[in-house]
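Residue numbers (my numbering): 11 to 224.
Cβ coordinates follow ideal geometry from the N, Cα and C atoms, glycine included.
Computed from a prediction, not measured in an experiment: that's the story for all the values here.
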């Protein structure tokens, strides 16, 4: 066999057919298509402000067993504002847990509504300062007000992962038994969203009150 014939045979053996080429391409394109499809779904849910459009795997389950150390140097009436523990969320009262950051523009937009939420319901709001510097966190609260009963820190974002947080801000309602009753993805920035939160808080309170005390 000549060298030219040998090269021709090898080329024929290893050349991919058009169908094979499409199959090989499909292994790349299909995962990419799935990824972008999911990304579009999640983006739509985030920007629509409707938390029901995102998976809420923690709804009805106990809040994650994560304790948050206090935001150092944050004081109220000359006393250090405490952090909080998972145990505190299961001591019989409804709580709101809000993940926020000073660098988060939607958090700035949401903050007046958190202040109003606390005034109108008296609910204990537990803040989690996410991946922020202590000075920045303190300045944020000093500038915009403090609706929080406690402020913990999550400097590495591990607590947010445990809570299933997608982005800043996110807000959870925890019933008196320590179970997550509601999740708000994205900021509360209008009266309708505020009223929805108030209604969900009252619903959680009614459910908590109806449960027999152990």
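DSSP beta-bridge partners for residue 139?
What you label residue 139 is simply residue 129 of the chain shown in a count that begins at 1. For residue 139, which the question treats as bridged, DSSP gives the partners 110, 163.
Classify residue 157: buried if its beta carbon has 16 or more other beta carbons within 10 angstroms, exposed otherwise.
What you label residue 157 is simply residue 147 of the chain shown in a count that begins at 1. When all chains shown are included, residue 157 counts as buried.
How long is the line joining the alpha carbons of residue 140 and residue 79, rounded to whole angstroms?
On the chain shown, residue 140 is found 130 positions in, with the first residue counted as 1. On the chain shown, residue 79 is found 69 positions in, with the first residue counted as 1. Cα to Cα, residue 140 sits roughly 12 Å from residue 79.
Would you tell me roughly how many angstroms separate the C-alpha atoms of residue 133 and residue 197, rounded to the nearest one?
Sequence index remark: in the chain shown, residue 133 carries index 123 (1-based). Sequence index remark: in the chain shown, residue 197 carries index 187 (1-based). Distance between the alpha carbons of residue 133 and residue 197: 18 Å.
Select from 116, 94, 219, 111 the residue whose C-alpha is nearest the C-alpha of residue 166.
Looking up residue 166 in the chain shown gives position 156. Of the listed residues, the one whose Cα sits closest to residue 166 is 111.
Can you tell which of 171, 102, 121, 179 has the C-alpha that lies nearest to the C-alpha of residue 219?
Taking the first residue of the chain shown as 1, we reach residue 219 at position 209. The candidate whose alpha carbon is nearest that of residue 219 is 102.
For my contact list, residue 100 and residue 188 are in at a C-beta cut-off of 8 Å; report their separation, rounded to the angstrom.
The count along the chain shown starts at 1 and reaches residue 100 at position 90. The count along the chain shown starts at 1 and reaches residue 188 at position 178. Correct: roughly 3 Å between the Cβ atoms.
Between residue 105 and the rest of its own chain, which residues show a CB-CB distance below 6 Å, the 5 nearest in sequence each way excluded?
As a first step, residue 105 is located in the chain shown; it is residue number 95 there, counting from the start. Answer for residue 105: 99, 134, 136, 184, listed in chain order.
Can you check which of these residues, 89, 117, 82, 73, is closest to residue 179 by C-alpha distance?
For this step, residue 179 is matched to residue 169 along the chain shown. Of the listed residues, the one whose Cα sits closest to residue 179 is 117.
Given residue 154, which residues of its chain have a CB within under 6 Å of its CB, disregarding the five upstream and five downstream residues?
Here residue 154 is taken as the residue at index 144 of the chain shown, counted from 1. Closer than 6 Å at Cβ, skipping near neighbours: 121.
Which residue marks the beginning of the beta strand (DSSP E) containing residue 128, and which one marks its end?
Stepping through the chain shown from its first residue, residue 128 is reached at position 118. No beta strand (DSSP E) contains residue 128, which is instead part of the alpha helix (DSSP H) from 115–131.
Can you look up residue 190 in the DSSP assignment and give me helix, strand or coil?
As a working note, residue 190 is residue 180 in the chain shown. Residue 190: strand per DSSP, three-state reduction.
On the CB-based measure, 16 or more other CB atoms within 10 Å of its CB, does residue 171 come out buried or exposed?
Position 161 of the chain shown, counting from 1, holds the residue named residue 171. Flag for residue 171 reads exposed.
Between which two residues does the alpha helix (DSSP H) harbouring residue 101 extend?
Along the chain shown, one-based indexing puts residue 101 at 91. Per DSSP, residue 101 belongs to no alpha helix (DSSP H) and is neither H nor E.
Taking the Cβ atom as the reference point for each residue, do residue 84 and residue 91 lie within a distance shorter than 7 Å?
Position 74 of the chain shown, counting from 1, holds the residue named residue 84. Position 81 of the chain shown, counting from 1, holds the residue named residue 91. Contact flag set, yes.
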